[in-house]
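Enquirer: Whatever position you read off the sequence shown (first residue = 1), add 621 for our numbering.
Glycine is no exception: its CB is placed at the ideal position from the N, C-alpha and C atoms.
One structure follows; several queries about it will come next.
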Amino acid sequence: MFMKVRAYLMKIVLQNHPKSNFKETLIKAKLLTGRKNGVIQSIFEEDSELLWHNVFHYSAALTNVLHFSPECWDRYSSSTSTNKNLAKARSIGEAIERYCLSVYDENDFILSNYAKIKKEAINPSDFGLFSETQYSKNNFNISRFSVYNKLHWVWGYSLMKEKPVLLPACFVFVPYKVKNEVFFIRESISTGAACGNTIEEAILSGIYEVVERDAFMIWWL
């Protein structure tokens, strides 16, 4: 089963591209927007007091993914900018990001523990989990990770290892619904998720967001 799924994943080769602009995003958005069958059903400008200061606020409304996915995130994404078209393009990017995070088929998940698939999986302990102080609290409802915990896994691609790898589904999808047979080791978050006009731009934007959040948390802690 692992090899059958893995065969669909091709090696990712990163390339140099000229930096894209909001015009490319707006052109691509036309292919994705439509009230009846579009990924994005509508894009609209919001009334805002910031307009008096030439700050524009746009929102994009996603289709209802509950028709084909078990969970649905917030269907509306927004962005602001002093450039009207840039605000619109960013709201589109946020919408596509949310769509990609929230659409999945549970039949594609692999139910296993890390001990059985460690040769092909990323160790969840390599990601940010929780401290022993947090685990020791009586009202803390998240399980301490063990290599024998059963989790749902999905295929991804490691740029560092340059090969397909298995990742915990709860690290990939937002929202992610935990089933009874699966351990709850971390809440799903969107930090590091990004989209772009090229795969290179999407990866770079994701890295920027992780560094940004890390700096923010270091300051607060």
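Whole angstroms is fine: what's the gap from residue 638's alpha carbon to residue 653's?
Expert: One-based indexing of the sequence shown puts residue 638 at position 17. One-based indexing of the sequence shown puts residue 653 at position 32. Each residue's Cα considered, the two are about 23 Å apart.
Enquirer: Given a threshold of 16 other Cβ atoms within 10 Å of its Cβ, counted over all protein chains shown, does residue 624 qualify as buried or as exposed?
Expert: As a position in the sequence shown, residue 624 is number 3, starting the count at 1. For residue 624, the predicted structure reports a pLDDT of 43, less than 50, and the residue's modelled location is therefore unreliable. A value from the coordinates is still provided. That one is exposed.
Enquirer: Which residue comes first and which comes last in the alpha helix (DSSP H) that contains residue 648?
Expert: As a first step, residue 648 must be located in the sequence shown, where it is residue number 27. Note, residue 648: alpha helix (DSSP H), 643–653.
Enquirer: Among residues of its own chain, excluding the 5 on either side of residue 799, which ones have a beta-carbon nearer than 8 Å to its beta-carbon?
Expert: On the sequence shown, position 178 is the one that residue 799 refers to. Closer than 8 Å at the Cβ level, and outside the excluded window around residue 799, lie 791, 805.
Enquirer: Anyone know if the C-beta pair for residue 722 and residue 694 falls short of 8 Å?
Expert: Numbered from its first residue, the sequence shown carries residue 722 at position 101. Numbered from its first residue, the sequence shown carries residue 694 at position 73. Going by C-beta atoms, residue 722 is nearer than 8 Å to residue 694.
Enquirer: By the DSSP assignment, the beta strand (DSSP E) with residue 681 in it spans what residues?
Expert: In the sequence shown, residue 681 corresponds to position 60, counting from 1. 677–683 is the span of the beta strand (DSSP E), which, as asked, contains residue 681.
Enquirer: Mind checking whether residue 830 and residue 819 have CB atoms under 8 Å apart?
Expert: As a working note, residue 830 is residue 209 in the sequence shown. As a working note, residue 819 is residue 198 in the sequence shown. No, Cβ-Cβ distance for residue 830 and residue 819 is not below 8 Å.
Enquirer: Suppose you measure from the CA of residue 686 to the CA of residue 696; what does that come to, to the nearest Å?
Expert: Start at 1 with the first residue of the sequence shown, and residue 686 comes out as number 65. Start at 1 with the first residue of the sequence shown, and residue 696 comes out as number 75. The straight-line gap from Cα to Cα measures roughly 9 Å.
Enquirer: Exposed or buried, which one is residue 644 when buried takes at least 16 other CB atoms within 10 Å?
Expert: The count along the sequence shown starts at 1 and reaches residue 644 at position 23. Label assigned to residue 644: exposed.
Enquirer: Using the Cα positions of residue 726 and residue 720, report the straight-line distance between them to the nearest angstrom.
Expert: Within the sequence shown, residue 726 is the residue found at index 105, counting from 1. Within the sequence shown, residue 720 is the residue found at index 99, counting from 1. Straight-line Cα distance between these residues: approximately 13 Å.
Enquirer: Which residue from 746, 808, 735, 801 puts its Cα closest to that of residue 774?
Expert: Counting from 1 along the sequence shown, the entry for residue 774 is found at position 153. The residue with the shortest Cα to Cα distance from residue 774 is 735.
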